[in-house]
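Working notes, beginning with the structure itself.
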Amino acid sequence: MSRVVLVHCEGYEGEGLMNALRRAVNEVGGMSNFVKPGDRVLLKPNLLCAREPERCVTTHPEVVRGVARLVVEAGGTPFIGDSPAVEQFGRVIAKTGMRDMARQEGLEIGELTEPVVASLPGNAVFKRLEIASPALAADVIINLPKLKTHCQMLMTLGVKNLFGTIVALRKAEWHYMAGTDRDTFATLLLDVYLTVRPALTILDGIWGMEGRGPANGRPRHLKVIAAAVDAVALDISMCHLLNVPLGQFPLYRAAHSRGIGETDIGNIIFVGDAPETFDIRKFQVPSLDALGVLPGIFDRLSKRFLISKPIPDEDFCTGCGECAQICWPGAIRVEDKKAIIEYDRCIRCYCCQEVCPHNAIQFKKGLLVRLLNLFNR
Ligand code: SF4
Ligand code: SF4
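In my numbering, the protein residues as written are 3 to 379.
So, in structure tokens, the structure goes:
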């Protein structure tokens, strides 16, 4: 059983928003239930890219402002952090209004950088994840997603928002993988969720996005703020509210099969405003992205050319087998004291390269990374 709070909220202006946020947080015990005096609290909005708040691509700065004030009232020190997928952080926070809001409130704001190897919970599937150290070092994380559709993952809500705690260029490759192997990507998202464990998720669904999200859909006035400790339950509840078919939601499939969070809508206790009072009709989810419906042969070809490929260097490989141990799809075997990778099974997680004690796994850079390198010069 998990509790999910739903609260009506018309807009981002005036006292209405602050009252709605306060009410939502009070329904889960109040901010002091999560934040103790002196805690450093990471507020993790969706800062996907540099778009104005009214485009509904990013969490609205007024929602972040309101939550920051609640954290301060509880005695905590909030700071804002995210790691945009491609665009420069400074540009993103300027355009989204987050920088100005942070200045007005005297809030620290910074890019999530400095990846460190995270200590993973026992039920993680991936054996190794690098997470931004400010996220791991925070006393508390409050997850502030935007309600949006997603062409590869159907919806981006609470759990998906935490992908922003992963740093580096490889993130783009993971994103690419979402188009070709949604279930593996959902597995990764759940591992990130289990690892960073936000204390609370508060969703900005006042204006959300339908259609071709997460960046090119249409704004839709949904008038909802949702809050929950269990981000999986929150995501399932939003699908219920929007009539999004759960069977098509990769995150639901992965969470349900792994028993993570509450995935049974019958076991979710709604508090605040009743779901039926929202009456959201004909919410448009994206049609399957081209990458997801291309024939398997094309998937294999695009994977081969677009994404970087790990290649064991025979001169350095000692056959120690550490890479094979960490490779959860079982793509590596050691023969004659040399690592051999079976590329059809390799999901390009690059864990092997990270654990190899002899730096024997090199990369053949994929086209995607080469293009991004050019772009970032
Ligand atoms: S971890 Fe490195 S040295 Fe050990 S088998 Fe794998 S590639 Fe070779
Ligand atoms: S061989 Fe592929 S799947 Fe296995 S650890 Fe390396 S990158 Fe990941």
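Note that beta-carbon positions come from the ideal geometry of N, C-alpha and C, so glycine has one too.
Boundaries (first-last residue) of the alpha helix (DSSP H) holding residue i
i	result
PHE365	Run containing PHE365: none in the alpha helix (DSSP H); it sits in the beta strand (DSSP E), 363 to 366.
GLY31	Note, GLY31: premise wrong, no alpha helix (DSSP H); not H, not E.
ASN163	160 to 163
THR189	184 to 198
PRO331	Taken as a continuous stretch (DSSP letters only), PRO331 belongs to no alpha helix (DSSP H), as it is neither H nor E.
PRO252	252 to 260
Boundaries (first-last residue) of the beta strand (DSSP E) holding residue i
i	result
ARG220	220 to 230
PHE272	270 to 274
ALA134	132 to 134
PRO312	311 to 314
Buried/exposed call for residue i, threshold 16 Cβ in 10 Å
i	result
GLY78	buried
ILE342	exposed
MET240	buried
TYR195	buried
MET100	buried
ILE208	buried
GLY323	exposed
VAL295	Note that VAL295 scores a pLDDT of 41, beneath 50, so its modelled location is shaky and nothing firm can be said.
GLU29	buried
THR98	buried
DSSP-derived helix/strand/coil call for residue i
i	result
PRO117	strand
PHE81	strand
HIS152	strand
LEU43	A small correction: the amino acid at residue 43 is Val; Leu does not occupy that position in the sequence shown. Note: VAL43 maps to strand in three-state DSSP.
HIS10	strand
ALA341	strand
GLY294	Residue placement at GLY294 cannot be trusted, given a pLDDT of 44 that sits under 50; what the coordinates show is reported in the next sentence. Here GLY294 sits in helix by DSSP.
LYS97	helix
GLU64	helix
GLU110	strand
LEU146	strand
ASP237	helix
THR203	strand
GLY18	helix
VAL336	strand
Residue i beta carbon near ligand 1 (any heavy atom closer than 7 Å)
i	result
CYS324	The sequence given here has Glu at residue 324, not Cys. Flag set: Cβ of GLU324 near ligand 1.
CYS153	no
GLY77	no
CYS11	no
VAL336	yes
PRO55	no
heavy atom of ligand 2 below 7 Å from residue i C-beta
i	result
ALA362	no
TYR352	yes
ALA217	no
ALA70	no
ALA333	yes
CYS358	no
ILE342	no
CYS329	yes
ILE349	yes
PRO312	yes
Contact test: residue i Cβ vs ligand 4 heavy atom, cutoff 7 Å
i	result
ILE82	This structure lacks ligand 4; the ligands present are ligand 1 and ligand 2.
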